[in-house]
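Residue 383 in my numbering is what sits at position 171 of the sequence shown, and the numbering runs on without skipping anything.
Built from N, CA and C at the ideal position, the CB exists for glycine as well.
None of the values given here were measured: they were computed from a predicted structure.
Here is the structure we will look at, set down as structure tokens.
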Amino acid sequence: MNQYLPEGSRLHTPENQEALCSLAAMERAMQNGTILEAKALLCDSCHNLIVQLPGMRGIIPREEGAIGIAEGTTKDIALITRAGKPVCFRILRIAQDKQGAPIAILSRRSVQVECWHAYLSHCKPGDILPATVTHLERFGAFVDIGCGVPSLLPIDMISVSRITHPRDRFTVGQPIRVIVRQMEPGRIHLTHKELLGTWAENAAQFAAGQTVVGVVRSVESYGIFIELTPNLAGLAEPHEGIRVGDCASVYIKAILPEKMKMKLVLIDTFPQEELPPPPQYFVPPQQHHINHWIYTPECAVRRIETIFSEDTIQ
Numbered sequence: 213m214n215q216y217l218p219e220g221s222r223l224h225t226p227e228n229q230e231a232l233c234s235l236a237a238m239e240r241a242m243q244n245g246t247i248l249e250a251k252a253l254l255c256d257s258c259h260n261l262i263v264q265l266p267g268m269r270g271i272i273p274r275e276e277g278a279i280g281i282a283e284g285t286t287k288d289i290a291l292i293t294r295a296g297k298p299v300c301f302r303i304l305r306i307a308q309d310k311q312g313a314p315i316a317i318l319s320r321r322s323v324q325v326e327c328w329h330a331y332l333s334h335c336k337p338g339d340i341l342p343a344t345v346t347h348l349e350r351f352g353a354f355v356d357i358g359c360g361v362p363s364l365l366p367i368d369m370i371s372v373s374r375i376t377h378p379r380d381r382f383t384v385g386q387p388i389r390v391i392v393r394q395m396e397p398g399r400i401h402l403t404h405k406e407l408l409g410t411w412a413e414n415a416a417q418f419a420a421g422q423t424v425v426g427v428v429r430s431v432e433s434y435g436i437f438i439e440l441t442p443n444l445a446g447l448a449e450p451h452e453g454i455r456v457g458d459c460a461s462v463y464i465k466a467i468l469p470e471k472m473k474m475k476l477v478l479i480d481t482f483p484q485e486e487l488p489p490p491p492q493y494f495v496p497p498q499q500h501h502i503n504h505w506i507y508t509p510e511c512a513v514r515r516i517e518t519i520f521s522e523d524t525i526q
């Protein structure tokens, strides 16, 4: 079992709750170096994280809050944004506060260091990792790939169908899967679109003559691109008053694998009010690595593929 999962994965497990249930249990966890989790109540003015533990208070000193804080390579925003959220840690020692009450001194940094050296640094291109979305920016989604270690999933690697913002796909706190695209010292580059299926796999969910619902992703002078799935879009003729992000009901006029085209007829549009649905992955949960992904059908003129290797990323 992977013990270096994204933060929040062990918060409510029986093992975690048992290790925090008493002072004696916490002392055993400290001696064993057990990785634990609890919610950070707040980040104080000195950027120490205050954690509420059963029967006592815990503190993660600023320098122990994350990899790179002490060296200045990680900004304090990485600590501030953990208030109210789960944090992983080890117990360094149990001391007493000024009133003589027990207080646990904790380290999140040491868990992240171990996570990197024992787990993440051994990853290879093509490895599939569990992740949790932590922050969304226009250029991509930041994700936790293990014990709070962050990595960026660029917007153009999220899906084949282009989006204007990662919130079109994800919500903060959402568990997803990602693929290691490239390794650098101290850094992992990620991709996601290869998990969402090929053109043929997505097109197989539809048939000519159906009327289905999609999302308007682009409005051009020559037509409207409407996404049917994150890795499949079709083109409808131009219409006035169409807005990017609206839902659209469309009639599927034709499916052309050799051209990778879905010919659509726009029926109606309406505002999108629901959050994006969870990703539909075509790679089974028990599969943890892929070597090669070909998006295009064999009969297509163009060829779109990703080769995962130590030397080449296409």
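- Taking the Cβ atoms as the reference, Arg393 lies roughly 6 Å from Pro337, within the contact range of under 8 Å.
- Runs of the alpha helix (DSSP H) lying entirely within the segment 306 to 390 and spanning at least 4 residues, in chain order: 321 to 330.
- In the DSSP assignment, Ile506 falls within the unbroken beta strand (DSSP E) covering His504 to Ile506.
- Residue burial is scored here from C-beta neighbours: Arg350 has fewer than 16 other C-beta atoms within 10 angstroms and is therefore classed as exposed.
- Classified as buried, Thr344 has 16 or more neighbouring CB atoms from the shown chains inside 10 Å of its CB.
- For Lys471, the three-state secondary structure derived from DSSP is helix.
- In summary, Ser371 is buried, with 16 or more beta-carbon neighbours lying within 10 Å of its beta-carbon over all protein chains present.
- Of Phe418, Glu406, Phe301 and Pro490, the smallest CA-CA separation from Asn503 is found for Glu406.
- Assignment of beta-bridge partners to Gly421 by DSSP yields no partner.
- Two segments are said to touch when three or more pairs of C-beta atoms, one from each, lie closer than 8 Å; by this definition the segment 425 to 433 touches the segment 448 to 464.
- Here Gln264 is bridged, per DSSP, to Arg269.
- Residue Ile506 holds the alpha-carbon nearest to the alpha-carbon of Arg515 among Glu522, Arg240 and Ile506.
- Inter-residue distance for Gly284 and Ala278 is about 11 Å (C-alpha atoms, whole angstroms).
- Taking all protein chains in view, the Cβ of Cys233 is surrounded by fewer than 16 other Cβ atoms within 10 Å, so the residue is classified as exposed.
- The segment 466 to 473 and the segment 297 to 307 do not touch, with fewer than three beta-carbon pairs separated by less than 8 Å.
- For Leu402, the uninterrupted beta strand (DSSP E) segment begins and ends at Arg399 to Thr403.
- Beta-bridge analysis with DSSP links Glu517 to Ile506.
- Shown here for Leu365: same chain residues with a beta carbon closer than 7 Å to its own, the five before and five after excluded, namely Gly352, Ala353, Val355, Val390, Leu402 and His404 in chain order.
- By the beta-carbon neighbour count (other beta carbons within 10 angstroms, threshold 16), Val361 is buried.
- When DSSP states are grouped into helix, strand and coil, Ile292 belongs to the helix group.
- Rounded to the nearest whole angstrom, the CA to CA distance from Phe418 to Val323 is 46 Å.
- Contact annotation, Leu223 with Glu249: C-beta distance approximately 5 Å; criterion of less than 8 Å satisfied.
- Taking a C-beta distance under 9 Å as the contact criterion, Pro314 and Met268 qualify as a contact pair.
- Sixteen is the threshold: when 16 or more other Cβ atoms of the shown chains lie within 10 Å of the Cβ of Ala316, as they do, the residue is buried.
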